[in-house]
Amino acid sequence: MSKAPMILDHPLVQHKISLLRDKNTGTKEFKELVGEIATLLCYEATRDLPTKEVEVETPMGVAKCHVLAGRKLALVPILRAGLGMVDGMLTLLPAAKVGHIGMYRNEETLEPVEYYCKLPSDIAERDVLVLDPMLATGGSACDAITQIKKRGARSIKFLAIVAVPQGINKLREMHPDVDIYVGALDEGLNEIGYIVPGLGDAGDRIFGTK
57 MSKAPMILDH PLVQHKISLL RDKNTGTKEF KELVGEIATL LCYEATRDLP TKEVEVETPM
117 GVAKCHVLAG RKLALVPILR AGLGMVDGML TLLPAAKVGH IGMYRNEETL EPVEYYCKLP
177 SDIAERDVLV LDPMLATGGS ACDAITQIKK RGARSIKFLA IVAVPQGINK LREMHPDVDI
237 YVGALDEGLN EIGYIVPGLG DAGDRIFGTK
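Under my numbering, the first residue of the sequence shown is numbered 57, with each subsequent residue one higher.
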């Protein structure tokens with residue numbers, strides 16, 4: 057059985073999401089907020105990374121410390137809005153490799169259509185963090201994770217800034233082995249599949265396209 061999604065209730069996350077929702081927040085600030093929230097999501101999503109004990113010589117003696125135990129990581133943003141989360145993730149994970157999956161939503165069927173997929177050649181050996189600011193119908197997330205699994209990846213987590221129950225339920229049903237981390241859980245979807253109250257079209261607001 058899949059685990060319940062982790063909804064980050066940290067005050068910093070909630071404060072930044074409130075600014076993100078504001079229709080008067082401009083492109084520059086919006087992009088910066090997405091990166092900052094991604095960093096905080098990354099902090100939680102990597103809490104279970106294994107460590108090993110090492111000795112480090114300090115100016116005052118020798119300290120027993122813990123360092124990451126060599127786990128390889130990959131970030132896979134779903135284009136194009138997911139790109140806004142990458143730099144914030146790399147702040148904490150500078151050695152992670154970055155792949156890309158391009159999806160767009162058919163405006164009539166609301167189903168995802170894949171147009172691009174480029175992943176690290178050793179993706180099967182890496183823990184994968186899939187990034188998309190919005191988890192709405194869940195179609196794009198499910199399809200992207202299916203494509204990643206086809207290329208051999210087995211350890212996958214999904215990170216979103218705003219989600220709704222429909223998207224979470226679909227992702228848990230299709231990929232019960234994938235842990236989900238989100239900043240806020242919203243009410244639902246409107247008649248054209250957009251999150252309400254949401255924050256608008258994340259891609260348009262990140263890149264300044266209307």
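In this text, a Cβ means the ideal position worked out from N, Cα and C, and glycines have one as well.
query                                                                                                                                                                                       : result
Beta-carbon separation of C198 and H156 under 8 Å?                                                                                                                                          : no
For the segment 198 to 207 against the segment 63 to 74, do three or more pairs of beta-carbon atoms, one drawn from each stretch, fall closer than 8 Å, so that the two count as touching? : no
Whose C-alpha, out of K153, R103, G158, is nearest the C-alpha of L131?                                                                                                                     : K153
Report the residue from E167, T95, G82 whose alpha carbon sits nearest the alpha carbon of L185.                                                                                            : T95
At a cut of 8 Å, does the segment 217 to 233 reach the segment 188 to 197 through at least three beta carbon pairs?                                                                         : yes
Can you check whether the CB of Y237 is closer than 8 Å to the CB of A101?                                                                                                                  : yes
For S196, name the three-state secondary structure that DSSP assigns.                                                                                                                       : helix
Just to check my reading of the structure: M145 and C98 have Cβ atoms closer than 8 Å, yes? What is that Cβ distance to the nearest angstrom?                                               : 5 Å
Using only alpha-carbon positions, find the residue among E109, V169, G91 that is nearest to L139.                                                                                          : G91
Quick one: what's got a C-beta closer than 7 Å to T107's C-beta in the same chain, skipping five residues either side?                                                                      : H122, V123, L124, A125
May I have a chain-ordered list of the alpha helix (DSSP H) segments no shorter than 4 residues that lie completely inside the segment 133 to 159?                                          : 142 to 148
If N83 sits next to L75, beta carbons under 8 Å apart, how far is it from one beta carbon to the other, in whole angstroms?                                                                 : One point to set straight first is that residue 83 is Thr, not Asn, in the sequence displayed. At roughly 13 Å, the Cβ-Cβ gap does not stay under 8 Å, so T83 and L75 are not in contact.
Flag this pair as yes or no: are the beta carbons of V234 and I201 separated by less than 8 Å?                                                                                              : yes
For I224, collect the residues of the same chain with a Cβ closer than 8 Å to its Cβ; drop the 5 residues on either side in sequence, then sort them by chain order.                        : P61, L191, G194, I236, V238, L241
In the DSSP output, what is F86 paired with across the bridge?                                                                                                                              : Partner(s): none; F86 has no beta bridge.
Using the rule of at least 16 other Cβ atoms within 10 Å of the residue's Cβ for burial, across every protein chain shown, is R261 buried or exposed?                                       : buried
Pull up the DSSP beta-bridge partners for E270, would you.                                                                                                                                  : The question about residue 270 has no answer here: the residues shown for the chain are numbered 57 through 266.
Please name the residue, chosen from I134, M141, R127, S177, that lies closest to S211 on a Cα-to-Cα basis.                                                                                 : R127
Quick check on DSSP: helix, strand or coil for Y250?                                                                                                                                        : coil
My guess is that R182 and L129 are in contact by the Cβ rule of under 8 Å, so how many angstroms apart are they, rounded?                                                                   : 6 Å
Using the C-alpha atoms, what's the distance from G244 back to N162?                                                                                                                        : 19 Å
Terminal residues of the continuous alpha helix (DSSP H) containing L69?                                                                                                                    : Going by the sequence as given, residue 69 is Val instead of Leu. Looking at the DSSP string, the run of the alpha helix (DSSP H) that includes V69 is 67 to 77.
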